[in-house]
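Notes to accompany the following structure.
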Amino acid sequence: MTQSKRFYTIPYFLWIALFVIAPVILIIYQSFFDINGQFTLSNYQQYLTSGTYLSMTFNSLFYALLITLFTLVISYPTAYFLTKLKHKQLWLMLIILPTWINLLLKAYAFIGIFSIHGGINNFLDTVGIGTQQLLFTNFSFLTVATYIEIPFMILPIFNALEEINPSLIFASRDLGASNFETFRRVIFPLSLNGVKSGVQAVFIPSLSLFMLTRLIGGNRVITLGTAIEQHFLVTQNWGMGSTIGVVLIIAMFIIMMLTGEKKKKGAKKK
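Okay, here's the thing in structure tokens:
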């Protein structure tokens with residue numbers, strides 16, 4: 001039985017080795033070479049001493065934090081409300097359904113919505129406010145990025161809320177706790193694992209956004225993802241692009257460690 005289980009795990013380990021470990025090793029290896037193919041540490045030195053790259057790093061973290069915060073503020077009440085509905089699985093599927101649409105198509109759809117002659121400006125013009133420059137702004141970038149990431153935050157929170165034992169909630173109310181106290185002391189703490197998983201699913205991809213920064217933000221929002229794209233496709237400086245990639249990988253690991261589930265000391269091993 002044990003041998004058969006090991007046999008079925010072979011495809012999994014092959015996938016991890018070929019499409020996760022090998023690319024990471026290649027990126028780390030490439031980061032130690034300059035544009036002429038010479039071994040060097042100057043890429044890391046340039047990154048750590050350049051105000052431009054440090055500014056891009058701050059922008060990436062700042063915008064990723066904002067996107068995660070906005071997504072969490074919208075997603076938690078939505079997920080909580082979904083758990084109270086009769087046909088909650090159907091509504092959850094409708095929320096997840098937009099993730100099946102290609103990201104590029106959604107970006108172009110929002111370009112039409114936020115453009116000068118788009119639906120929002122037509123409405124603003126109708127009510128007398130007048131047309132506004134909505135596209136290629138921080139507002140449009142954050143709005144579109146938040147919209148795209150919302151399903152990835154709702155799903156883990158919804159699952160965490162669904163796994164809460166209803167008897168705990170009933171016990172809290174029987175002991176005299178108000179609805180707010182029950183939420184603060186029982187529901188929210190028990191759903192924190194879902195919140196952490198959602199933060200991972202949103203914050204980590206938001207660090208390396210580049211398509212939306214170009215199409216929706218009009219390159220006014222410059223992040224590390226944009227820099228990687230420029231180095232690989234425009235300047236052909238793969239070493240510097242890989243160096244920035246290594247920085248992003250390290251940042252992702254830090255986020256995973258901070259939001260990961262911690263084992264309690266003294267827990268019994270099964």
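Just so we're aligned: 41 in UniProt numbering is position 41 of the sequence shown, and the numbers increase by one with no gaps anywhere.
Idealized CB from N, CA, C, for every residue including glycine.
Taking all protein chains shown into account, GLU149 has 16 or more neighbouring C-beta atoms within 10 Å of its C-beta and is therefore buried. By the Cβ criterion, the stretch 152 to 159 is in contact with the stretch 74 to 83, since at least three pairs of Cβ atoms, one from each stretch, lie closer than 8 Å. Rounded to whole angstroms, PHE13 and ILE21 show a C-alpha spacing of 10 Å. Segment contact: the stretch 208 to 216 against the stretch 96 to 107, three or more CB-CB distances shorter than 8 Å; contact assigned.
Exposed is the label assigned to SER178, since fewer than 16 other Cβ atoms lie within 10 Å of its Cβ. With a 10 Å radius around the Cβ and a threshold of 16 neighbouring Cβ atoms, TYR29 comes out exposed.
Here GLY217 is buried: its Cβ has 16 or more other Cβ atoms, across all protein chains shown, within 10 Å. When C-beta atoms of the stretch 244 to 258 are compared with those of the stretch 197 to 209, three or more pairs fall below 8 Å, so the two segments count as touching. Here THR9 is exposed: its Cβ has fewer than 16 other Cβ atoms, across all protein chains shown, within 10 Å. MET153 places its beta carbon 8 Å or farther from that of THR52. A residue is called buried once 16 or more other Cβ atoms fall within 10 Å of its Cβ, and HIS87, having fewer, is exposed. The beta-carbon distance between ILE74 and GLY245, rounded to whole angstroms, is 30 Å. This is too long to meet the 8 Å contact definition. Annotation: LYS84 is outside any alpha helix (DSSP H) and is labelled neither H nor E by DSSP. When DSSP reads this structure, PHE39 sits in a beta bridge with PHE33. For the set GLU229, ILE169, ILE120 and ASN219, the Cα lying nearest the Cα of PHE188 is the one of ILE169.
Check the Cα spacing between ILE228 and each of LYS196, SER242, LEU65 and GLN46: the tightest is with SER242. Inter-residue distance for PRO23 and TRP15 is about 12 Å (C-alpha atoms, whole angstroms).
For the 8 Å CB-CB criterion, ILE111 and LEU134 do not form a contact. Between LEU97 and TRP91 the beta-carbon gap is near 11 Å, outside 8 Å, which marks them as no contact.
Counted as a single uninterrupted DSSP element, the stretch harbouring THR99 is not any alpha helix (DSSP H), since DSSP gives it neither H nor E.
By the 16-neighbour rule on beta-carbons within 10 angstroms, HIS231 is buried. For VAL234 and VAL247, the gap between their C-alpha atoms comes out near 20 Å. The three-state reading of DSSP puts VAL246 in helix, counting H, G and I together. If you look at GLU149, you'll find it in the alpha helix (DSSP H) that goes 138 to 162. Boundaries cannot be given for ILE116, as no alpha helix (DSSP H) includes it and DSSP labels it neither H nor E.
SER191 sits in coil when the DSSP states are folded into three classes, being neither helix nor strand.
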